[in-house]
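Read the structure below first, then the notes.
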Amino acid sequence: MTGSARRAWGVTFAGFCAFLGLYLTQPILPMLGQAFHAGKAAVSMTLTAATLGVALAAPLVGSVADRFGRKKVIVASATLLALATLLDATATSLSTLIFWRFLQGLFTPGVFAVTVAYVQEEWASEGTGRAMALYVTGTVVGGFTGRFLSGLIVSRWNWHGSFVVIGCLGALGALALKVFLPPERHFRRRPQGGSLWTGIGAHLRNPRLLATFAAGFGVLFSLLATFTYVTFHLAEAPFNLGPVALSSLFFTYLIGAVATPPCGRIIDRLGHRVALRLSMGAGALGMLLTLLPSLWAVAAGLALCCTGVFVAQATTTSYIGLAAARDKALAVGLYVTFYYVGGSVGAEFPGFLWHLGGWPACVALVILVQCLTILVTHLGWDPARHAPGPAPRGDVAV
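The opening residue of the sequence shown carries number 974 in this note's numbering; numbering runs sequentially from there.
What follows is the structure, encoded as structure tokens:
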């Protein structure tokens, strides 16, 4: 296997491991609510706690990766992530489950953020849009696998078994990362002693990065708000779907897995702003389709929403290399923080709107966020910087 093929498989496995267990509670939220006698907002904390853990750890992981190297941190984080998923299965109360889910989130940036930095460095002269599309494809397959298996397992056993199976699968994924991901070639250590807060301040004064961070917030907000609360919508009349049927909805993720790699070429050829408009516009159209009283229409809408969100994710992450001239790992870490704060808000806030207008109110909120994301990137991204090309090298970590 050639070096480029190994890198491609490696980043795809990294995406798979990062998202395998993070959202596995989505299709079983109604069941968790029954098991713990808790409401929608309470059981949604199993998602919110995990995404908050990611948001807190993301800015710090660049320093760890700078000290120990990209591949070592990615493989070690994937291993700890699998262990934390297994610990979820030991929970005997909702609060304990939320705690282990938070711990699971803390280990995720070591895979997610460091892999994005790895791509920015190793594909610097080869088009990061296509490389990020491969990575996002891995996240799509991982996210689908975790969600689908969790719903399938709870239909035959209990919810504890979902975490055991996904944890073991994550351990196999970590082993695959160790085998397939080549050591970094272009990483350069930065001398220790630089101020983390100085680097953060510099990035937060960069308007293009701020727009990118805001876009990341909107991307994951849209995805988690949609797939967290559509499960409640479809579990009620007139659909009345059970756990297996709800988990089957995540087959729509596979459409995103097929559609995202070709769209990487759109990012490289037409530019980031155009790709973002098209992807978010497609997502908004998909959300409108979910309002129709037809399961097929809802499934088609979710497929369109998935594809739009995944392409938008590849667009925003590949733009970081253009927007950050220095300290790219820190820039990626900050992006991940905003991204997962958006996911935390998206998993929790619509639960309060649900009492006012049910699923239509959630749809309106998601479309509003998608429109604002388009507006922010239109104003903040440089239209003259179309294709990624060679990203500015500089120093890549704090």
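All C-beta atoms, glycine included, are put in the ideal place defined by N, C-alpha and C.
Predicted model only: the values in this text are computed from it and were never measured.
Original post:
Between A1334 and the rest of its own chain, which residues show a CB-CB distance below 8 Å, the 5 nearest in sequence each way excluded?
Top reply: P1323, L1326 and W1327
**OP:** Put E1209 into one of helix, strand or coil per three-state DSSP.
**Re:** coil
**OP:** Whole angstroms is fine: what's the gap from S1372's alpha carbon to G994's?
**Re:** Any question about residue 1372 goes unanswered here, given that the chain covers just 974 to 1371.
Subject >> Unbroken alpha helix (DSSP H) run spanning T1069, endpoints >> reply: L1067 to F1080
Original post:
When the Cβ atoms of the stretch 1133–1153 are set against those of the stretch 1010–1029, are three or more pairs found closer than 8 Å?
Top reply: no
**OP:** Could you tell me the boundaries of the alpha helix (DSSP H) in which P1156 lies?
**Re:** Premise fails: P1156 is in no alpha helix (DSSP H) and is neither H nor E.
Original post:
Between the stretch 1181–1188 and the stretch 1069–1077, do at least 3 Cβ pairs fall closer than 8 Å?
Top reply: no
Subject >> Reduced DSSP secondary structure (H/G/I, E/B, other) of A1298 >> reply: coil
Original post:
If you run the structure through DSSP and keep just helix, strand and coil, what is F989?
Top reply: helix
Subject >> H1245, buried or exposed, once every other Cβ within 10 Å from all chains shown has been counted against 16 >> reply: buried
**OP:** Whole angstroms is fine: what's the gap from D1061's alpha carbon to W1132's?
**Re:** 10 Å
**OP:** Decide yes or no for the touch test of the stretch 1027–1034 against the stretch 1311–1321: beta carbon pairs closer than 8 Å, at least 3 of them.
**Re:** yes
Original post:
How many Å lie between R1120 and A991 at the Cα?
Top reply: 13 Å
Subject >> Cβ pair count under 8 Å reaching 3, the stretch 1283–1299 against the stretch 1246–1261 >> reply: yes
**OP:** Check whether the Cβ atoms of G1191 and V1342 lie closer than 8 Å to each other.
**Re:** yes
Original post:
If you drop the 5 nearest sequence neighbours on each side, which residues of the same chain put their C-beta closer than 8 Å to that of A1276?
Top reply: T1225, I1228, G1229 and G1259
Subject >> Distance between I1340 and A1257 (C-alpha atoms, nearest Å) >> reply: 5 Å
**OP:** Give the range of the alpha helix (DSSP H) segment to which I1173 is assigned.
**Re:** L1169 to L1177
**OP:** Would you give the residue range spanned by the alpha helix (DSSP H) that A1255 belongs to?
**Re:** H1245 to L1262
Original post:
Start and end of the alpha helix (DSSP H) containing T1058?
Top reply: R1043 to D1061
**OP:** Throw me the rounded Cβ distance for the A1051 and A1147 pair, which I believe falls under 8 Å.
**Re:** 4 Å
Original post:
Is the Cβ-Cβ distance between T918 and L1002 less than 8 Å?
Top reply: This structure leaves residue 918 out entirely; the chain is present only between 974 and 1371.
**OP:** May I have the straight-line CA-CA distance separating N1213 from W1096, to the nearest angstrom?
**Re:** 47 Å
Original post:
In chain order, what residues of the same chain have a beta carbon less than 6 Å from the beta carbon of L1154, not counting five sequence neighbours either side?
Top reply: G983 and K1044
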